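Residue numbers (my numbering), protein chains in the order written: chain L, 1 to 315; chain H, 316 to 835; chain Z, 836 to 1162; chain V, 1163 to 1489.
Don't be surprised by glycine CBs; every beta carbon is placed ideally from N, CA and C.
Quick caveat: nothing in here was measured; it's all calculated off a predicted structure.
Please read the structure below before turning to the comments.
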Amino acid sequence: KGAYYKEKKAEEEASVPVNPDEEYIMITTIVNFPMYVNHDQAAFIKWGKRRGVRTTVLGPSEWDVASQISFIEQVIPSKPAGLLINGTDPAIANAINMAVDAGIPTVVYDSDIVNSKRHAFLGTDWYEIGRWQGEAMVEMIGGKGQIAYMGIIGLANMEAGFQGLLDVLKDYPEIEVVGKYDDKANVEEAARITSDLISANPDLVGICGFDAMSGPGIGLAVKEAGKVGKIKITTVDTEPEHLKLVRDGVIQTLVGQKRELFTWYGAQFLYDMVHKPNTLSGDDEKAGITNIPFSVNTGLFKIDKTNIDLFESPN
Amino acid sequence: MGLPMEKYENDIKLKLTNITKIFPGVVALDDVSLELKTGEVHALCGENGAGKSTLMNVLSGNHQPDEGAVILRGDKVDVPNQLVAQKLGIGIVYQERSLVNDLSVAENIYAGNQPTNRWGIINFKKLFAQAKVLLAKLGMADIDPKTKLEYLSPGKQQMVEIAKALSQNPEILILDEPTASISETDAKVLFQIIHSLTQEGVAVIYISHRMSEIFQIADRVSILKDGKYQGTRIMSEISVDDIIRLMVGRDLVKQDYQSHVGEEVILKAENFNGPDFLNISFELKKGEVLGLAGLVGAGRTELARAIFGVDKKYEGELTLNQNPVKINHPMDAMKLGIGYLPEHRKEQGLFLEMTVEENIVATNLDVAVENKLLQFSKISDVANSYIQKLGIKTPDSKQKVVNLSGGNQQKIVLAKWLLLNPKVLIVDEPTHGVDVGAKAEIYAILKELTEKGTSIIMISSELPELLSLSDRILVLCNGNLTAELPKEDFSEEKIMHFASGTKNMFNKNSEKIGQPVSAN
Amino acid sequence: MKLSLKLLQDRVITLSITIAVLIIISSIIWPNTFPTFDNFSLVLLNLSIETIVAVGMMILMISGSFDLSVGSVVAFAGGFTAYLMYYWGVYVPVAIIAGIGVSILIGFINGFLVARVGINPLIQTLAMMGIIRGLALMVSGAGIQNFPESFNVIGQTKILGFQTPVWFMLIIVALFAFLVAKTTFFRKYYYIGGNEKAAKLSGIRVEKMKIYSFILISSLAGFAGILLSSRLGAAMSTSGQGMELRVITAVILGGASLLGGQGKILGAMLGTIFMGLISNVMILARVSGYWQQIILGLILILAVVIDIILKKNVGIAPKKYLKKAVN
Amino acid sequence: MKLSLKLLQDRVITLSITIAVLIIISSIIWPNTFPTFDNFSLVLLNLSIETIVAVGMMILMISGSFDLSVGSVVAFAGGFTAYLMYYWGVYVPVAIIAGIGVSILIGFINGFLVARVGINPLIQTLAMMGIIRGLALMVSGAGIQNFPESFNVIGQTKILGFQTPVWFMLIIVALFAFLVAKTTFFRKYYYIGGNEKAAKLSGIRVEKMKIYSFILISSLAGFAGILLSSRLGAAMSTSGQGMELRVITAVILGGASLLGGQGKILGAMLGTIFMGLISNVMILARVSGYWQQIILGLILILAVVIDIILKKNVGIAPKKYLKKAVN
Ligand SMILES: Nc1ncnc2c1ncn2[C@@H]1O[C@H](COP(=O)(O)OP(=O)(O)OP(=O)(O)O)[C@@H](O)[C@H]1O
Ligand SMILES: Nc1ncnc2c1ncn2[C@@H]1O[C@H](COP(=O)(O)OP(=O)(O)OP(=O)(O)O)[C@@H](O)[C@H]1O
Ligand SMILES: [Mg+2]
Ligand SMILES: [Mg+2]
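Listed below in structure tokens is the structure:
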């Protein structure tokens, strides 16, 4: 009898009609940032197509958290089915709460906004990204030598990453960190800093990069200085450029983030909050239950010479 | 000077027929026709705002006429822009400055048409050589054509303007108040050049407010009034008063002013030293008009600027009614009741893009303040009262100053200072480019001030006005005080002697001060 | 007729017209979402911070200068105040005063080096922008949160449906609109912008006045930054990035010119309102990705062209033209 | 003596002195790492792209204008060329010509709208900056790579120890230094910048000339962008971001003024070299994190102050002074 009951539910579920005007909105910052477009947004839009619901991506074109907040606030009146928000900075907490209070299912991805009322978070711990890079680097350089690292200074997630890296390195007294640099997510800047670093520190052995543009920039400068292989590079993200640089042996280790999963499942969570396939009580709302996971760590993955062939670039 | 005309027996070089030009609110030119003969010097007279410059701007392609035609050597031409005018052989010395500070003298002279090889590469050697010749021709052999223009004195810069026009060796040369800011000597050079040009058949249109000049060099004169053509006369058959009557529509009462010099010394300067002047000491009495004569670049303006606290780089004691004062900023001077009407109104006197009324109250916004707040109605009232008083020609007090003619602009600068009714007023070239009528009015205003007890220091390069207005004249030469002349020994040649340094009353400080940067 | 034409000379009028048209059209397209009190109050809230800075920028540009360091000052003042409250437990009012104090100091340094020493304002304020951004990173690093409630209320309270920043904006705009129009002190900036030499010869203490204008914009930026921290309940070292250009754009849209001598305070607010409405409309239209930048750019150009066309109907346009071309 | 003082009026000289001093001191402090051929050639390589743009910016600023859209044009031209080669398999030379072609078009639009229609250059080029950045994202959103080798060699070949971009930079600087110094055509920009009205009155076609200058900078930026793609072996939609301000700063350091009429092409290169050396030296000095921005700012100010002090020694300083303060 119980079994029969379950099946019936399943059939109903399958036959829930989708409303094509049901709109799910993703709000990020630097909305045109290639890494976001190619991973987060691509997966989100793909999900929307599969589900037959409307997906919209909004956000300012610069890294401008205040503006991202204004985007969140300004879409709330239009009562979207759900909001998928890039957790760029703790400062967006108020805006998130505003959405939650307006009764809009709200999921945060990439970095958690702990002090907010968000219904769910999916992402990776940036601290871990730092640790992974650190461990890979330590192994490659045999625990000694000069290294430097760069990213966008002042961003909460980056700083967490830097911390992770430093925490690994501090166990290796023979490793000297020559400096922390701000490449402003700009290839030319990253390249300039790197080649200056190479001139300034002839026996530099490694560089760690933390934003999507660090890798290509560092790689370019290392190539141009003829130091390929002599200077080990670990960095984040898996753009075509990154993969190519790994294939060419310029970058040794990439730490990938499974960003597609952030938004695919993030969107799915929102959908499930709306359509309540699984109710956990007579009235979840009254019971104060959200019927989706509270926090999901999608985990990280590593790309290096050993597995690069499995990642074929779109180009 | 009728000679060239007969030589080219009356063949018409240029005809302007029924030219009309309308600006918003103003009919600048109303059906003006003009004939220009080969080899003549044709003077153009008219009050400020009569339309002289506008007519010339039409002729040289800077304005397009609303009606009328330009007929050059018999066939109708249209002059869409300055370049075409140049090609047609029309050269012009503008009333306003058309030079660039950051370029060399030579490049200013040959703006846009430097000598080049066939790939458009400038031949600087040739450029500087040509410029040198031209400068020499204009009596400026001492000036290196490589000098940056801004290092030249305002007067010399004006000569460069003239050189620029001549460099295109034009068939028709327009001179729009060329002598307004140059010295007598430079003017003489210019007149010689004009003469020799006419011999070669060049026709010259000469605009000036200085009657003496016109009678000196012109063959014929045409008169404009409020944009309307008043007729053309042969110089030999007309008198100054006739011209003025045609210009102004009435006779000018030519009065000579009585002095209002009091006893008490208002201002006393002792051993003033600065980059452009040396050991200047003088006294100024209540109600006195103290003339400051000198060649352009003599350092008069610098002295005035020093007293007024504009340029801090000078030393010397200044006493105002017996108590010593230190002036570090024009505001200090104004608080002490000293005013300064600067020499180059467009650069230093006016806010061209602002309205007439805003300009008039610039020195003293407080006149329009009621219980701590500005009242715009009051600004207009004050302004209008001065527009009346000085007879400033403007559609209304809200007109932008940039659209007014030179003379009216000058009156506005003067109004700024009357507003302050200062104890001491320094006026630097107060009648630059001002028509005879307005001049007379300005003289009257200045005298009226002295009557009320204001003392005036008057810098002027126009000796006649200096002689007629001053109670006493100081002559500067190259930064040195060379003479102090009481009214009884006023005479042009005396002053010229002291001004050019051939004579010196106080030989005590005859050591020359190094010429300022201007020289090299 | 003549009057109406003359009115079109005033950017405040022309821009108001443009904005009105924009509002009407949007209300027709999105009758339920656009012309709502909520929407407008949010639009105003989100442009309030920039408008407060724009007021200072307008005064600076009237005097013929500008300041690129405002964005950094916003971040630094907010961060510094936060730092004092969070790490040193300084009393809220004291911390705020300190935050505005340092902003004034920054403004003074800018003003002194530009007006007295004679450094080109672009270089000076650009350099300052870097320096202060660095200091902002120093004080607020990855960000500071958890302020005393008494601080958060400043920017998070709602009065008559509008959140406090909106009220602060309105007060500041009204105040300075009044001062600039009605006091001799602020009037002098028009003369300085109109012709600096003539202004000096008319007895205006140009250098001092310039220093004051830099102090004014810095302190407004500082206040804006503190207000932002309070509104967000957090201080970010990245806030205010790129604000300088957005503000200058708004102010020029509002009638200022890089040459100086022109502009009204009200114009500054209209400029930011126009920009704010555009981005609001684009959100409602769900314009996304690169289209956002493309369309924003096109609208900007369009807005200015409309303004020029309106002016052109009056004879003196060609000259206005030339002037603009020089700006 | 008098002569040497006169020389100090020329920013090219004063900046060269500053750079020389910087190099000497650094060579003393870091004898083995700083004064090496590798270091210099890398410094030059990293400033080559910006310098090519700076040449165009210098000419534009001599004429009294500027262009904020260059950074976007760099990204777009590079992306567009890459797009043609990669997706349509267009022949390398054709693709390059096309890339420069669109840049010329962009420049024409900027120039036309600024010079003829009379849009304020700041607004116009800022708007264009957004539009073109959007287009850049459109063509090379994901980033394009794997170009034909014949394209990559353009920017990746080494000749006499210098990589090709350095040579392109030197050629372009030399070429335009010559043209601007020696041809009537380019000299005209000094008249336009020095006194636009006077230029018109002297029969110079101001509007046409302005349009040409915008076309020139855009095509230089386009070329720079293509060169960058070739050097990177990839086209990235984010490249050139923030370049406009860095270039303008370098050009002003090199002697240009926002008022126009001043500057030499060589100055533009000296400006970028100075900036490049500073960041190089800072990394040698182990300056890192936010200290980089702070110290860079301080050095910028210092450099200008030195320049002013050098000039001050000459009599006419006060006049110059006044000018600067206005810039
Ligand atoms: N660009 C302009 N816009 C509007 N009005 C103008 C313009 N240029 C000149 N005017 C007006 O046209 C009239 C003639 O001016 P114009 O400069 O030709 O007089 P002028 O005879 O040269 O006077 P002056 O002897 O003072 O030079 C004046 O009323 C002036 O206000
Ligand atoms: N506003 C100014 N700023 C700086 N230098 C000036 C200024 N005005 C004049 N000079 C320079 O000062 C020097 C003395 O010229 P100045 O004008 O004082 O003599 P002047 O006798 O008044 O001649 P002018 O008849 O031209 O007024 C000249 O080299 C001139 O270039
Ligand atoms: Mg005239
Ligand atoms: Mg003088």
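**Item:** Euclidean distance between Cα positions of H/ALA677 and Z/ILE854
**Value:** Residue 677 of chain H sits at position 362 when you count from the first residue of the second sequence. Residue 854 of chain Z sits at position 19 when you count from the first residue of the third sequence. Their Cα atoms are separated by approximately 35 angstroms.
**Prompt:** Is H/GLN410 near ligand 1, judged by its Cβ being under 7 angstroms from some heavy atom?
**Reply:** By one-based count along the second sequence, residue 410 of chain H stands at place 95. Because some heavy atom of ligand 1 lies under 7 angstroms away, the Cβ of H/GLN410 counts as near it: yes.
**Prompt:** Does any C-beta atom of chain V lie closer than 8 angstroms to the C-beta of Z/VAL1116?
**Reply:** Taking the third sequence and counting its residues from 1, the one referred to as residue 1116 of chain Z is at position 281. Not one chain V Cβ lies under 8 angstroms of Z/VAL1116.
**Contact with chain Z by V/TYR1452, beta-carbon distance below 8 angstroms** = Translated into positions along the fourth sequence, residue 1452 of chain V becomes position 290. Yes, because at least one Cβ of chain Z sits closer than 8 angstroms to the Cβ of V/TYR1452.
**Prompt:** Mind checking if V/VAL1223 is an interface residue toward chain Z, Cβ cutoff 8 angstroms exclusive?
**Reply:** Working through the fourth sequence from its first residue, we reach residue 1223 of chain V at position 61. Reading off the sequence shown, one finds Met at residue 1223 of chain V, where the question assumed Val. Not one chain Z Cβ lies under 8 angstroms of V/MET1223.
**Message:** Using the Cβ count rule (16 or more neighbours within 10 Å means buried), how would you classify L/THR88?
**Reply:** In the first sequence, the residue the question calls residue 88 of chain L occupies position 88. Buried is the call here.
**Assigned secondary structure, L/GLY52 (DSSP; H/G/I helix, E/B strand, else coil)** = Counting from one through the first sequence, the residue named residue 52 of chain L turns up at place 52. Three-state result, L/GLY52: coil.
**Prompt:** Closest to L/THR29 by CA distance: which of Z/GLY1124, Z/GLY913, Z/GLY965 and Z/PRO983 is it?
**Reply:** The count along the first sequence starts at 1 and reaches residue 29 of chain L at position 29. It is Z/GLY1124.
**Asked** At a Cβ cut of 8 angstroms, what residues of the segment 1002 to 1023 of chain Z count as close to chain H, listed as they run along the chain?
**Response** Hits within the stretch, in order: ALA1016, LYS1017, THR1018, THR1019, ARG1022 and LYS1023.
**Request:** Using a threshold of 8 angstroms, state whether the C-beta atoms of H/LYS738 and H/THR769 are closer than that.
**Result:** Within the second sequence, numbered from 1, the residue matching residue 738 of chain H stands at position 423. Within the second sequence, numbered from 1, the residue matching residue 769 of chain H stands at position 454. Annotated as proximal: H/LYS738 and H/THR769, with beta-carbon spacing under 8 angstroms.
**Asked** Would you call the CB atoms of V/GLY1240 and V/SER1391 closer than 8 angstroms?
**Response** Looking up residue 1240 of chain V in the fourth sequence gives position 78. Looking up residue 1391 of chain V in the fourth sequence gives position 229. Yes, Cβ-Cβ distance for V/GLY1240 and V/SER1391 is below 8 angstroms.
**Prompt:** Can you list, in chain order, the residues of its chain whose CB lies under 6 angstroms from that of H/GLY614, leaving out five sequence neighbours each side?
**Reply:** In the second sequence, the residue the question calls residue 614 of chain H occupies position 299. Cβ within range, chain order: ASP591, PHE592, LEU791 and GLY794.
**Item:** Between the CA atoms of V/ASP1469 and V/MET1163 - distance to the nearest angstrom
**Value:** On the fourth sequence, position 1 is the one that residue 1163 of chain V refers to. On the fourth sequence, position 307 is the one that residue 1469 of chain V refers to. Unreliable positioning characterises V/MET1163 in this predicted model, as indicated by a pLDDT of 40, which lies under 50. A coordinate reading is not provided.
**Among L/TYR24, L/GLU189 and L/ILE308, the one whose alpha carbon lies nearest that of L/ASP248** = The count along the first sequence starts at 1 and reaches residue 248 of chain L at position 248. Looking at the Cα atoms, L/ILE308 is the closest of the given residues.
**Request:** List the whole-angstrom C-beta distance separating H/ILE595 from H/ASP491, where the pair is believed to meet the contact cut-off of C-beta under 8 angstroms.
**Result:** Locating residue 595 of chain H in the second sequence gives position 280, counting from the first residue. Locating residue 491 of chain H in the second sequence gives position 176, counting from the first residue. At roughly 35 angstroms, the Cβ-Cβ gap does not stay under 8 angstroms, so H/ILE595 and H/ASP491 are not in contact.
**Prompt:** Taking the DSSP output, what are the residues bridged to L/GLY179?
**Reply:** Taking the first sequence and counting its residues from 1, the one referred to as residue 179 of chain L is at position 179. The partner list for L/GLY179 (beta bridge, DSSP) reads L/ALA148.
**Prompt:** What did DSSP end up calling H/VAL728 once you bin it into helix, strand or coil?
**Reply:** The residue labelled residue 728 of chain H in the question sits at position 413 within the second sequence. H/VAL728 sits in a helix when the DSSP states are folded into three classes.
**Item:** V/TYR1483 (DSSP reduced to helix, strand or coil)
**Value:** Taking the fourth sequence and counting its residues from 1, the one referred to as residue 1483 of chain V is at position 321. Per-residue confidence for V/TYR1483 stands at a pLDDT of 29, beneath the threshold of 50, marking its modelled position as unreliable; no derived number is given.
**Asked** V/LEU1421 lies in the beta strand (DSSP E); which residues open and close that run?
**Response** Here residue 1421 of chain V corresponds to residue number 259 of the fourth sequence, with the count starting at 1. Element bounds for V/LEU1421: n/a, residue is neither H nor E.
**Item:** Where H/GLU585 sits in the DSSP three-state scheme
**Value:** On the second sequence, position 270 is the one that residue 585 of chain H refers to. Assignment of H/GLU585 by DSSP, reduced to helix, strand and coil, places it in the strand class.
**Request:** Using 10 angstroms around the beta-carbon of V/VAL1264, count the other beta-carbons present and answer buried if the total reaches 16, otherwise exposed.
**Result:** Mapped onto the fourth sequence, residue 1264 of chain V falls at position 102. Buried is the call here.
**Message:** Tell me the rounded alpha-carbon separation between H/VAL504 and H/THR335.
**Reply:** Numbered from 1 along the second sequence, position 189 holds the residue referred to as residue 504 of chain H. Numbered from 1 along the second sequence, position 20 holds the residue referred to as residue 335 of chain H. Using only the alpha carbons, I get a separation of about 35 angstroms.
**Request:** Determine whether the Cβ of Z/ILE854 lies closer than 8 angstroms to any Cβ atom of chain L.
**Result:** Translated into positions along the third sequence, residue 854 of chain Z becomes position 19. No, Z/ILE854 does not count as interfacial toward chain L.
**Prompt:** Under 9 angstroms Cβ-Cβ, which residues of chain V neighbour H/ASN377?
**Reply:** Taking the second sequence and counting its residues from 1, the one referred to as residue 377 of chain H is at position 62. Listed by position along chain V, the residues whose Cβ is nearer than 9 angstroms to that of H/ASN377 are LYS1362 and LEU1363.
**Prompt:** Going along chain Z, which residues have a C-beta under 8 angstroms from V/SER1357?
**Reply:** For the purposes of this step, residue 1357 of chain V is taken as residue 195 along the fourth sequence, with counting starting at 1. Note that residue 1357 of chain V is Asn in the sequence shown, not Ser. Those within 8 angstroms of V/ASN1357 in chain Z number zero; the least Cβ separation is about 10 angstroms.
**Request:** Answer with yes or no whether the minimum CB distance from L/TYR181 to chain V is below 8 angstroms.
**Result:** In the first sequence, residue 181 of chain L corresponds to position 181, counting from 1. It does; some Cβ of chain V falls within 8 angstroms.
**Request:** Just mark Z/LEU995 as buried or exposed, buried being the case when its beta carbon has 16 or more other beta carbons within 10 Å.
**Result:** For the purposes of this step, residue 995 of chain Z is identified with residue 160 of the third sequence, where counting begins at 1. With fewer than 16 Cβ atoms within 10 Å of its Cβ, Z/LEU995 is classed as exposed.
**Asked** Based on Cα-Cα distance, which residue from L/VAL205, L/THR263, L/GLY154 and L/ALA91 lies nearest to Z/GLN980?
**Response** For the purposes of this step, residue 980 of chain Z is taken as residue 145 along the third sequence, with counting starting at 1. Closest option to Z/GLN980, Cα to Cα, is L/ALA91.
**Sequence ranges, beta strand (DSSP E) only - wholly within the segment 1212 to 1287 of chain V, length at least 3** = none
**Message:** Any beta carbon of chain V sitting closer than 8 angstroms to that of Z/THR1084?
**Reply:** Here residue 1084 of chain Z refers to the residue found at position 249 of the third sequence. So, interface residue.
**Request:** List the DSSP bridge partners of L/ILE303.
**Result:** Locating residue 303 of chain L in the first sequence gives position 303, counting from the first residue. Paired residue(s): L/LEU254.
**Prompt:** Touching or not, the segment 282 to 298 of chain L and the segment 117 to 125 of chain L, by the rule of three or more beta carbon pairs under 8 angstroms?
**Reply:** yes
**Item:** Residue-chain proximity (Z/SER1106, chain L), Cβ-Cβ < 8 angstroms
**Value:** For the purposes of this step, residue 1106 of chain Z is taken as residue 271 along the third sequence, with counting starting at 1. Residue 1106 of chain Z is actually Gly in this sequence, not Ser. Not closer than 8 angstroms to any Cβ of chain L, the Cβ of Z/GLY1106 fails to qualify, so no.
**Asked** Excluding sequence positions up to five away, which residues of its chain have a Cβ less than 6 angstroms from the Cβ of V/THR1213?
**Response** Translated into the one-based positions of the fourth sequence, residue 1213 of chain V becomes position 51. Correct list, in chain order: MET1331, MET1431 and THR1434.
**Item:** Under 7 angstroms (Cβ pairs) to chain A, residues found in the segment 959 to 973 of chain Z
**Value:** The structure shown contains no chain A; its protein chains are L, H, Z and V.
**Message:** With three or more beta-carbon pairs closer than 8 angstroms as the criterion, would you say the segment 99 to 112 of chain L touches the segment 45 to 52 of chain L?
**Reply:** no
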